[in-house]
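Comments concern the structure below.
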Amino acid sequence: MSKNLDNVIEILDFTKYDFDEIKQFLNEGKTIKIALELGENVKRSLTKGYSDHFDANIELIEEKENCGVCGCGKPANALFYFYK
């Protein structure tokens, strides 16, 4: 699979989803556009180009303050694509 911009699910409040739900979307071939805090774990994933948490590729779309809510509950400051 690859990044499919014609089949994107946008998640701006990660607290309303769980990892299994997002992994299911990815396994169905969907691309996830998600707001996250650009913390150390996310930075490590970006360096690798792969997220071990989601078992998916990760790509930074843009850094943008207060663009959503991270899964940790903090304000998100970046948007990302996750895809398989």
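Everything in the sequence shown is counted per the numbering used here, starting at 476 for the first residue and increasing by one. No residue lacks a Cβ here, since even glycine has one placed at the ideal position from N, Cα and C.
1) Measuring only from the beta carbon, is A510 closer than 7 Å to any heavy atom that is part of the ligand NAD?
2) With burial defined as no fewer than 16 other Cβ atoms inside 10 Å of the residue's Cβ, what is the status of L487: buried or exposed?
3) Taking only the alpha-carbon atoms, compute the straight-line gap between A531 and K498 and give it to the nearest angstrom.
4) Check whether the segment 479-496 and the segment 516-523 touch, using three or more Cβ-Cβ pairs below 8 Å as the test.
5) Whose C-alpha, out of G514, F555 and E512, is nearest the C-alpha of I533?
6) Between the Cα of N516 and the Cα atoms of D527, T506, I509 and I507, which residue gives the shortest distance?
On the basis of the supplied data:
1) Absence of the ligand NAD from the depicted structure is noted, as is the absence of any ligand whatsoever, leaving it without description.
2) Its Cβ having fewer than 16 others within 10 Å, L487 is exposed.
3) Taking the straight line joining both Cα atoms gives about 9 Å.
4) With the cut-off at 8 Å, the segment 479-496 and the segment 516-523 do not touch.
5) I533 has its Cα closest to that of F555, out of G514, F555 and E512.
6) Selected option, being the one with the closest Cα: D527.
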